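One point on numbering: in my numbering, the residue at position 66 of the sequence shown is 66, and numbering is uninterrupted.
What follows is a short report on a single structure.
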Amino acid sequence: MLTALNEWFGNHIYITYLLIFIFMSYVYNKVFRTRKLPVLKTAIVYLLMAIGSIMLLGFQLVGLPIVLCLTVAISLMFLVRIRYFIEKRTGSGNPE
Numbered sequence: 001m002l003t004a005l006n007e008w009f010g011n012h013i014y015i016t017y018l019l020i021f022i023f024m025s026y027v028y029n030k031v032f033r034t035r036k037l038p039v040l041k042t043a044i045v046y047l048l049m050a051i052g053s054i055m056l057l058g059f060q061l062v063g064l065p066i067v068l069c070l071t072v073a074i075s076l077m078f079l080v081r082i083r084y085f086i087e088k089r090t091g092s093g094n095p096e
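See below:
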């Protein structure tokens, strides 16, 4: 199954690159962005992420499961958000 998925990603390079860039952008926005940056600095950050996505695409093409790892990371982030939402809704969180 995993080899078939890696083969599909190898055959569809542009889609794979787009997925890597979107997943990296999501992780950056949810984890690392603490405040809004000016427009030029934001453009530089996204340009560097685009270049990094090319590097990760190369790793994906040689057989490392980069897209799968980013998918797992985003899934775990989503689970944490659900947990926080449930704790906030039930009021069982710390009163601090």
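Beta carbons are placed, not taken as given, at the ideal position from N, Cα and C, and that holds for glycine.
Note that the coordinates shown come from a computational prediction; the quantities given were computed from them, not determined experimentally.
Relative to the Cα of Val27, the nearest Cα in the group Glu87, Ile82, Phe85 and Cys69 belongs to Cys69.
For Leu48, same chain residues with a beta-carbon under 6 Å away, outside a window of 5 residues either side, do not exist. Counting along the chain, the unbroken alpha helix (DSSP H) around Lys88 starts and ends at Ile66 to Thr90. Counted as a single uninterrupted DSSP element, the alpha helix (DSSP H) harbouring Phe59 occupies residues Val39 to Leu61. Going by DSSP, Thr16 is part of the alpha helix (DSSP H) stretching over Ile13 to Val27.
Pairwise C-beta distances place the region 13–25 in contact with the region 47–64, as three or more of them are shorter than 8 Å.
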